[in-house]
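Down below is the structure, laid out as structure tokens.
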Amino acid sequence: MNEKEQNTAKWLPGTILIYFLATLTIPNIILAMTERLTLWGAATCIILPSGIYVLFSSFFRNGGRTIWLLFPLTFLAAFQIVLLYLYGRSIIAVDMFLNLTTTNSSEAAELLGNLWPAVLLVVILYVPTLVGATWMIATHRLVSAKLLSIMRRIGFSVTILGIITLSVSYLTGPYSILTDLYPVNVFYNIRLAVDRTIKTDRYYETSGDYTFHATASGNPDVREIVVLVIGETSRAENWQLYGYNRETNPRLSRIDSLLIGRHTLSESNTTHKSVPMLLSPVDASCYDSIYHVKSVVTAFKEAGYATAFFSNQRHNGSFIDFFANEADTTLFIKETGNQAMSNAHDQALLDYAKAIIADDNRKQLIVLHTYGSHFNYNERYDSIDRHFLPDHYPEASVEYRDNLINAYDNTIVATDRFLASLIEILSDSNADASLLYTSDHGEDIYDDSRHLFLHASPLPTIHQITVPMLAWLSPRFTRHHPDAYSIMKSNMGKEISSSRSFFYTALSLGGIQTRVADPAASLLSPDYEPRLAPLYLNDHNRPVDCRIITHTTPEYCVTKNIFQQKNVNSIALRGKNI
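Below is the structure:
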């Protein structure tokens, strides 16, 4: 080894280690600026972890092993940077870890394909350190004792300073190390995610004895069909029915008897929480009961209904699967083994609904879970629904927002055609038929200067929770229930939580009484009352008051139609525990 190689062997291991420690603190620096922390809290976020990282690393001469020993922190840092790129703020949420297990591979591939700048960044940041660490181990390169001694003194001093800023943070509060200090808060979220996963795995054990004690009050000789449609990623502001300036609902807008929930909010911006709340008596105020209850499907079965659940999504091991399996007939059409159905559009669900209706059961519940407007938008509709062009985009970015909006609006056109066709099928059934529709959540599409995209962000925006809600009652239904239409029309004009009201309204449409009846939540009840405070289910499964928002006009109310506002560029949703 020549002199140059010897010098390199001396300084390179230390350089790699210092570079590695610097990259670990990048999330801390960003979060100190993006999170709602006090000055002392922000200082603690940077100083204390940095000191501990340096102090810990100073006790091991084999820097390569140290780097690999801290690989979990490397993984979390990379994950955190990608999410900061996507959402602009917030730590890795519990729901993000759960999404790793409930998001199917095709959805993940679509998402990652449009996050390539962030993925490329973390590859550039962290892969060289791992390669360098491997080289250090393979060649037995050690960090110099002198450098480690300096690091130990610096690390100890910085850690002491961090403890001081931590103490001041608590004294000047509010502050909690479990929610405000990265990466402690992320490890806490991992623990919560593991706890929820264990509870979910035990669902059949904890809910096995649950019963609604449901009975039906309707005439047993009258044929009744109740259809529940759960949309995906559809936000009300892009619906023509809600005042949007594009004809995204050319068919539904011609149905005079359609009932429209004008001010509807979802209590979650994630599918794996929102859909179970829609289908069960659980909402944000009591979400942890989800492990012990069954769904609307079981309630209808107990009341004598034949039940069917058809989904255009894939199994994901969540409560959606559990509830679907309660039905007499269950089918996830993308997983039938038919290659032609692997990327089927929602229109394919109509054939299955027709077949069930043709069975001529006297009492029938049909639940349809669509794929709706889920990204990648231009893969969700047929050519007949391509009303707005151009709808192609090389990538998801603010540069292509107009194209993204065109494609997204086309998904609404497709949903319009789907629902109108379904209503036509029900009209031809000569039954007491009813249909109830809402979406699980909405979507961000680079709507303001924050350039936010998609949904499921730990801090949701108004675009992510304002959803459409529609109902349709057949002429025979209204003849047998003469007050139903007027009552529902009146209630649909009030503020609605879809997560609270969808289940109870479905029971009312089926004429079903249960031990969990809540007339104040059913849109078909003359006793319906909106919540005093609209709720949102936060990442730690706590209900928060979602009226606390930031906006540009003092008179703005979260339940007003946001597309009617002159300026919604700075709308963001906050929450506080209630």
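So for the sequence shown, my numbering puts the first residue at 1266; every next one is plus one.
Glycine included, every Cβ here is placed at the ideal spot set by N, Cα and C.
Beta strand (DSSP E) segment containing residue i, residue limits
i       : result
Val1492 : 1489-1496
Lys1628 : 1628-1634
Trp1737 : 1734-1738
Phe1574 : 1571-1576
His1528 : 1528-1530
Cβ-Cβ separation, residue j to residue i (assumed contact under 8 Å), whole Å
i       : j       : result
Gly1707 : Thr1676 : In fact, because the Cβ distance is near 12 Å, the residues do not count as touching under 8 Å.
Asn1327 : Tyr1552 : Going by Cβ atoms, the distance from Asn1327 to Tyr1552 rounds to 47 Å, so no, they are not a contact pair.
Ser1355 : Leu1724 : 6 Å
Met1416 : Pro1278 : Not confirmed; about 12 Å, so no contact.
Asp1548 : Ser1762 : 7 Å
Ile1915 : Lys1619 : With the chain represented from 1266 up to 1843, any question about residue 1915 goes unanswered, as that position is not in the structure.
Val1558 : Ser1434 : So it is not a contact: roughly 40 Å between Cβ atoms.
Leu1349 : Ile1312 : Contact doesn't hold; Cβ gap of about 20 Å is too wide.
Ala1696 : Ser1739 : 7 Å
Three-state secondary structure (DSSP) of residue i
i       : result
Ile1294 : helix
Pro1808 : strand
Pro1469 : It should be pointed out that residue 1469 corresponds to Tyr in this sequence rather than to Pro. Three-state result, Tyr1469: helix.
Glu1794 : coil
Ala1698 : strand
Glu1760 : strand
Tyr1475 : coil
Thr1594 : strand
Phe1285 : helix
Gln1778 : strand
Thr1536 : helix
Thr1703 : strand
Asp1709 : strand
Thr1399 : helix
Ala1837 : Residue placement at Ala1837 cannot be trusted, given a pLDDT of 33 that sits under 50; what the coordinates show is reported in the next sentence. In this structure, Ala1837 counts as strand in the three-state DSSP scheme.
Ile1442 : helix
Gly1724 : Sequence inspection shows Leu at residue 1724; the Gly mentioned does not correspond to that position. Here Leu1724 sits in coil by DSSP.
Ala1568 : coil
Leu1517 : helix
Ile1455 : helix
Asn1842 : Any answer about Asn1842 is weak, because its pLDDT of 33 lies below 50 and its placement is not dependable; what the coordinates show is given next. Reduced to three states, the DSSP call for Asn1842 is strand.
Thr1731 : strand
Ile1332 : helix
Close beta carbons around residue i, own chain, < 8 Å, minus the five adjacent residues each side
i       : result
Glu1820 : Bear in mind that a pLDDT of 31 at Glu1820, under 50, signals an unreliable position, so the model cannot answer this.
Met1606 : Ile1598, Lys1599, Ala1613
Lys1754 : Leu1524
Proximal residues to residue i (C-beta, below 7 Å), its chain only, five neighbours per side dropped
i       : result
Gly1758 : Arg1527
Thr1770 : Leu1701, Ser1787, Leu1788, Leu1789
Ile1843 : Low confidence applies here, because Ile1843 scores a pLDDT of 31, under 50, leaving its location unreliable; read the following figure in that light. So the qualifying residues of the chain are Ala1798, Pro1808, Val1809, Asp1810.
Ile1232 : The chain is shown only over 1266 to 1843; residue 1232 falls outside these bounds and no answer can be derived.
Ser1531 : Ser1539, Asp1705, His1706, Ile1730, Val1732, Ser1763, Ser1764
6 Å Cβ shell around residue i - same chain, five flanking residues per side excluded
i       : result
Lys1464 : Tyr1556
Gln1830 : With a pLDDT of 37 at Gln1830, under the threshold of 50, the modelled position of this residue cannot be trusted; read the value that follows with caution. Excluding sequence neighbours, Gln1830 sits near nothing in its chain.
Ile1281 : Gly1397
Glu1512 : Gln1505
Val1359 : Asn1454, Leu1457, Ala1458, Asp1804
Arg1780 : His1478
Element boundaries [alpha helix (DSSP H), containing residue i]
i       : result
Tyr1350 : 1336-1352
Tyr1318 : 1304-1322
Tyr1801 : Tyr1801 -> not in any alpha helix (DSSP H); beta strand (DSSP E) instead, spanning 1800-1802.
Phe1640 : From DSSP, Phe1640 is part of no alpha helix (DSSP H); its letter is neither H nor E.
Asn1675 : 1666-1692
Leu1614 : 1614-1623
Thr1424 : 1410-1437
Asp1586 : 1584-1589
Residue i Cβ short of 7 Å to the ligand NAP heavy atom set
i       : result
Ser1704 : Only the bare structure without any ligand can be found here, which leaves the ligand NAP out of the picture.
Below-8 Å beta-carbon distance, residue i vs any chain D residue
i       : result
Ser1686 : Among the protein chains of the structure shown there is no chain D, as only one such chain exists.
Buried or exposed by the 16-neighbour rule on C-beta atoms within 10 Å, applied to residue i
i       : result
Leu1365 : exposed
Lys1599 : buried
His1716 : exposed
Ala1623 : exposed
Asp1667 : exposed
Ala1856 : With the chain running from 1266 to 1843 in the structure shown, residue 1856 is simply not present.
His1639 : buried
Phe1336 : exposed
Phe1653 : buried
Gly1329 : buried
Ile1777 : buried
Trp1305 : buried
Met1542 : buried
Arg1744 : exposed
Glu1470 : exposed
Phe1477 : buried
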